[in-house]
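Quick note on numbering: the sequence shown equals residues 1 to 669 in full-length UniProt numbering. C-beta: ideal position from N, C-alpha, C; glycine also. Below you'll find the structure, written out as structure tokens, and then a few comments.
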Amino acid sequence: MCINYIVSIITGLALARSIRDSERGGRAQIGIIDNEKDSPDLMQIMKMVLGERRGELRDAIPDTKADELQKANVRLYHVYEKDNDLVVQEIATRPLTQDLLQHEDCYILDQGGFKIYVWRGKTSSLEEKKAAFTRAVGFIQAKGYPSSTNVEVINDGAESAMFKQLFQRWTEKDETQGLGKVYTTGKIAKVEQVKFDTTQLHARPELAAEQRMVDDASGEVEVWRIEDLQMQPVNPKTYGQFYGGDCYLVLYTYLRSGRPHYVLYMWQGRHASVDEITACALNAIELDKKHGDEAVQVRVTMGKEPTHFLAIFKGKLIIYEGGTSRAQKTMPEPAIRLFQVRGTDEMNTKATEVPARASSLNSNDVFLLTTSQVCYLWCGKGCSGDEREMAKMVADIVSKRDKHTILEGQEPAEFWEALGGKAPYASEKRFQEQVTHYQPRLFECSNQTGRFIMTEVVGFCQEDLDEDDVMLLDTWEEIFLWIGKASNTYERNEAVASAKEYLKTHPAGRDLATPIILVKQGYEPLNFTGWFNAWDPYKWSDGKSYEEMKNSLGDVSAISEIKVDLNNISLSKGTLSMTNLAGSSTASASPDYKSHFNHSDSNSYSNSSNYNSNSSSSLVHNGEGFYSREVLMNKTLDELPEGVDPTKKEVTAFLVLCLCSLTWNLVIG
Numbered sequence: 001m002c003i004n005y006i007v008s009i010i011t012g013l014a015l016a017r018s019i020r021d022s023e024r025g026g027r028a029q030i031g032i033i034d035n036e037k038d039s040p041d042l043m044q045i046m047k048m049v050l051g052e053r054r055g056e057l058r059d060a061i062p063d064t065k066a067d068e069l070q071k072a073n074v075r076l077y078h079v080y081e082k083d084n085d086l087v088v089q090e091i092a093t094r095p096l097t098q099d100l101l102q103h104e105d106c107y108i109l110d111q112g113g114f115k116i117y118v119w120r121g122k123t124s125s126l127e128e129k130k131a132a133f134t135r136a137v138g139f140i141q142a143k144g145y146p147s148s149t150n151v152e153v154i155n156d157g158a159e160s161a162m163f164k165q166l167f168q169r170w171t172e173k174d175e176t177q178g179l180g181k182v183y184t185t186g187k188i189a190k191v192e193q194v195k196f197d198t199t200q201l202h203a204r205p206e207l208a209a210e211q212r213m214v215d216d217a218s219g220e221v222e223v224w225r226i227e228d229l230q231m232q233p234v235n236p237k238t239y240g241q242f243y244g245g246d247c248y249l250v251l252y253t254y255l256r257s258g259r260p261h262y263v264l265y266m267w268q269g270r271h272a273s274v275d276e277i278t279a280c281a282l283n284a285i286e287l288d289k290k291h292g293d294e295a296v297q298v299r300v301t302m303g304k305e306p307t308h309f310l311a312i313f314k315g316k317l318i319i320y321e322g323g324t325s326r327a328q329k330t331m332p333e334p335a336i337r338l339f340q341v342r343g344t345d346e347m348n349t350k351a352t353e354v355p356a357r358a359s360s361l362n363s364n365d366v367f368l369l370t371t372s373q374v375c376y377l378w379c380g381k382g383c384s385g386d387e388r389e390m391a392k393m394v395a396d397i398v399s400k401r402d403k404h405t406i407l408e409g410q411e412p413a414e415f416w417e418a419l420g421g422k423a424p425y426a427s428e429k430r431f432q433e434q435v436t437h438y439q440p441r442l443f444e445c446s447n448q449t450g451r452f453i454m455t456e457v458v459g460f461c462q463e464d465l466d467e468d469d470v471m472l473l474d475t476w477e478e479i480f481l482w483i484g485k486a487s488n489t490y491e492r493n494e495a496v497a498s499a500k501e502y503l504k505t506h507p508a509g510r511d512l513a514t515p516i517i518l519v520k521q522g523y524e525p526l527n528f529t530g531w532f533n534a535w536d537p538y539k540w541s542d543g544k545s546y547e548e549m550k551n552s553l554g555d556v557s558a559i560s561e562i563k564v565d566l567n568n569i570s571l572s573k574g575t576l577s578m579t580n581l582a583g584s585s586t587a588s589a590s591p592d593y594k595s596h597f598n599h600s601d602s603n604s605y606s607n608s609s610n611y612n613s614n615s616s617s618s619l620v621h622n623g624e625g626f627y628s629r630e631v632l633m634n635k636t637l638d639e640l641p642e643g644v645d646p647t648k649k650e651v652t653a654f655l656v657l658c659l660c661s662l663t664w665n666l667v668i669g
């Protein structure tokens, strides 16, 4: 199953169980539909409550093999001036070499309609730059590409990793040849953001072009913490410090053409309660309304902070694994903490708390070890001077103790003692030297749609490893296949074949002898975990898969206790009469439940219309009967039937989750 899909399922199961236990006294029956044909009775109940399905189902996702072949069809076009005329000429196909790009001209790199790049040479003329972009956009219509095809502007000297990997070899200006080490400002385990937003088709400064920044992050920032389901202002002195047990709202205001624009971030801690996450979404709606419903809303899950979110805190973003920033803390802060610091400047730096043990270290990064006496700055052999400087700034925030800088290999005994003793960590040569021409990429391999497909995961972290699937991690010199414990045999077999096909069709003409390494969930070696930020070796020790959660709810496939006499249900004049919706306590309509839970999609932008504080599928009881959703949807107070309280929409006391195909628009998003 795809990652966002299974996350929605798990969230839905958790919500259903919470409502059953906390609002229904554990008596409500939870019905789960894995396949519509296998659950006709539940489907009939859903149609009764939600109405008939509107519209046709979307077509199946196209086969990834054809998609990969399309990506491999790379063509390079030269845009230059000749006799006062602009010429666009095809000059090469895959594999491409870097020397084809001349600084005095512009080029169009067409990736078979999957993506189109416009490379602008440093000394190219303004006319060439304009013509290259115009022709690139024209390719979309001329070649019959989808209207959603992305055109990305690449500036000479500021090429993204996604662009560089289309060439056989990409050499940086200051790269050392032969023996010796070179430490650049990049990060080996950082993944470039893949840009699919078709509104971003305009030439921007280098940072905006690469990172999808809405501005230079110089606007105003306001932060609130969700406390007792309400917004509580955060002390500006602690802006940038986020705790995994809390949820936060971050309002960013910037000016464009003299007019204020807003970005509203909803940061959700990994250990925050369901109530806090729900309250965060609801308070975001109210805050958006106060600003004219003009805010762009961004749901941010812990560990998946977008680049602009990092930038607005000016290098002072610190993520604590657990706990809370509330004044009345119930648990004392640990005496020893370890933070992994990544970033080279104020625009991209983040410190993440990791388990305080030696195995958490990584030769590619800087770590801060705080104790009751001292704060150690541990500098791995692969870190750069810029990274060390940013770590020093973060150290002044996380600890007021004396700072001791130590280099990898020169640690005092007290350092290892604080970490509980020495232990192996990610310290291979590749973590000590920068690979400049390629950044690691993670793909999810799944047959959830009925076809085996591979989907890239951008900005990946450990949370993206889905135990129901196989994941492919490409680190250029090696291909890792991570086998989730709940993945099926077909996915495992197809993943190996697809890894070989992936190497064959790679635009850069990859070596087919590249090692393919199988890694089992829970037994990841250090040369695998080192590519992930803040790896937790105990993440899956207490976690439950979808099937385990499903089984923990009881015999959820049995619906014998949901007794609905459908013969006594009739529709008359828009009113749904359910005079005999009874037979057991689990099927009785309760007047206490108010449906209001709604998540936005992960890692997505949305406006306030994506959130609805009241479920459109609710049935409202007026003392005599039940009204259908058509009678109640999108109605003002004056348009509602007489006797209906708009603040109290009751629903029947059973919950139905349709999990196999997203054919129903559930309020959980």
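Compute the Euclidean distance between the alpha carbons of residue i and residue j, then round it to the nearest angstrom.
i           : j           : result
residue 419 : residue 280 : 36 angstroms
residue 379 : residue 404 : 11 angstroms
residue 128 : residue 118 : 11 angstroms
residue 107 : residue 131 : 10 angstroms
residue 182 : residue 478 : Residue confidence is low: residue 182 scores 35 on pLDDT, short of 50, so the model does not pin down where it sits. Its coordinate-derived value is still stated next. Their backbone Cα atoms lie some 21 angstroms apart in a straight line.
residue 518 : residue 318 : 34 angstroms
residue 440 : residue 48  : 49 angstroms
residue 109 : residue 74  : 7 angstroms
residue 32  : residue 463 : 25 angstroms
residue 397 : residue 346 : 14 angstroms
residue 288 : residue 266 : 12 angstroms
residue 344 : residue 87  : 40 angstroms
residue 271 : residue 536 : 14 angstroms
residue 263 : residue 41  : 44 angstroms
residue 100 : residue 227 : 58 angstroms
For a test of the three-state rule: what should DSSP assign to residue i, helix, strand or coil?
i           : result
residue 85  : strand
residue 31  : strand
residue 389 : helix
residue 302 : coil
residue 342 : strand
residue 294 : coil
residue 502 : helix
residue 20  : helix
residue 266 : strand
residue 115 : strand
residue 43  : helix
residue 15  : helix
residue 241 : strand
residue 540 : coil
residue 477 : coil
residue 490 : helix
residue 286 : helix
Look up residue i in the DSSP assignment and give the residues it is bridged to.
i           : result
residue 404 : 376
residue 369 : 338, 376
residue 260 : 255
residue 445 : 454, 470
residue 232 : 225
residue 167 : 96
residue 153 : 118
residue 353 : 339
residue 362 : 426
residue 247 : 268
residue 108 : 77, 118
Using a C-beta cutoff of 8 angstroms, does residue i count as contacting chain B?
i           : result
residue 343 : The chain inventory of the structure shown lacks chain B, comprising one protein chain alone.
Grab me the residues of residue i's own chain with a C-beta within less than 7 angstroms of its C-beta, minus the 5 sequence neighbours each way, in chain order.
i          : result
residue 14 : 274
CB-CB under 6 angstroms to residue i, same chain, minus the five flanking residues each way: which ones, in chain order?
i           : result
residue 19  : none
residue 527 : 428
residue 241 : 318
Excluding the five sequence neighbours on either side, which residues of its own chain have a C-beta within less than 8 angstroms of the C-beta of residue i, listed in chain order?
i           : result
residue 218 : 254
What do you reckon, is the C-beta of residue i under 7 angstroms from a heavy atom of the ligand FAD?
i           : result
residue 414 : Only the bare structure without any ligand can be found here, which leaves the ligand FAD out of the picture.
Any 3 or more C-beta pairs closer than 8 angstroms across the segment 451-458 and the segment 288-299: Contact annotation: the segment 451-458 does not touch the segment 288-299, with fewer than three C-beta pairs closer than 8 angstroms.
Cβ pair count under 8 angstroms reaching 3, the segment 315-327 against the segment 360-377: Taking a cut-off of 8 angstroms on C-beta distances, the segment 315-327 does not touch the segment 360-377, as fewer than three cross pairs fall below it.
Touch test, the segment 296-309 against the segment 331-339, Cβ-Cβ under 8 angstroms, three pairs minimum: Segments in contact, no.
At least 3 beta-carbon pairs within less than 8 angstroms: the segment 455-467 vs the segment 523-542: Yes, the segment 455-467 touches the segment 523-542.
The segment 373-393 / the segment 336-352 touching (three or more Cβ pairs under 8 angstroms): Under the Cβ criterion (8 angstroms, minimum of three pairs), the segment 373-393 counts as touching the segment 336-352.
Stretch-stretch touch, CB-based, cutoff 8 angstroms, three pairs: the segment 504-515 with the segment 473-487: Short answer: they touch.
Touching by the beta-carbon criterion (3+ pairs, under 8 angstroms), the segment 306-316 and the segment 345-359: Counting Cβ pairs under 8 angstroms, three or more are found: they touch.
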